[in-house]
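Read through the structure below, which is laid out as structure tokens, and then see the notes.
Numbering (the numbering used here), first residue to last: 811 to 950.
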């Protein structure tokens, strides 16, 4: 598949990444469920943070985003790759998206007992919370 990505233009790749199957999964969902951080890296290569956020906000029929899919994998590298280049605010918004069962990616990780990732997602969430507190309290 990486060979296919090399022959696609930037626009073709973006369009390709928006295609959903009958369960509503995109290629990002599928690759995240398969726990393939290297392929995720190839899929997202050259995409702007705005384009990444757009793709990471796509929900399947269960309301799961690619980050939900990655959350159950236990692969820290996979989650880091998905969130790479995003602001702390963008990361926290993605971490807090709830599926139809009211589960965030953090909940999914906790259910699968993937403690390395739980720490990573909690760290991202804590950074944003601390930053917001400082802004509110200190005006910075």
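Where a beta carbon is used, it is the ideal one built from N, C-alpha and C, also for glycine.
Values in this document were obtained by computation on a predicted structure and should not be read as measured data.
Cβ neighbours of residue 861 in the same chain (closer than 8 angstroms, five flanking residues each side left out):
824
In terms of residue numbering, what span does the alpha helix (DSSP H) encompassing residue 898 cover?
898-905
Euclidean distance between Cα positions of residue 866 and residue 873
12 angstroms
Taking the alpha-carbon of residue 933 as reference, which of 899, 826, 910, 836 has the nearest alpha-carbon?
899
Which whole-angstrom value is the C-beta distance of residue 911 and residue 879, which I expect to be below 8 angstroms?
Going by Cβ atoms, the distance from residue 911 to residue 879 rounds to 14 angstroms, so no, they are not a contact pair.
Is residue 871 helix, strand or coil by DSSP?
coil
For residue 913, the three-state DSSP class (helix, strand or coil):
coil
Let me know if residue 831 comes out buried or exposed under the rule of 16 or more other beta-carbons within 10 Å of its beta-carbon.
exposed
Quick one: what's got a C-beta closer than 6 angstroms to residue 881's C-beta in the same chain, skipping five residues either side?
915, 918, 919
With a threshold of 8 angstroms on Cβ separation, who are the neighbours of residue 826 within its own chain once the five nearest residues in sequence on each side are excluded?
818, 837
Between the Cα of residue 816 and those of 903, 839, 904, 852, spot the shortest distance and give me the residue it belongs to.
852
Would you report the Cα separation of residue 904 and residue 863, rounded to the nearest angstrom?
8 angstroms
Could you tell me the distance, in whole angstroms, from the CA atom of residue 850 to the CA atom of residue 888?
7 angstroms
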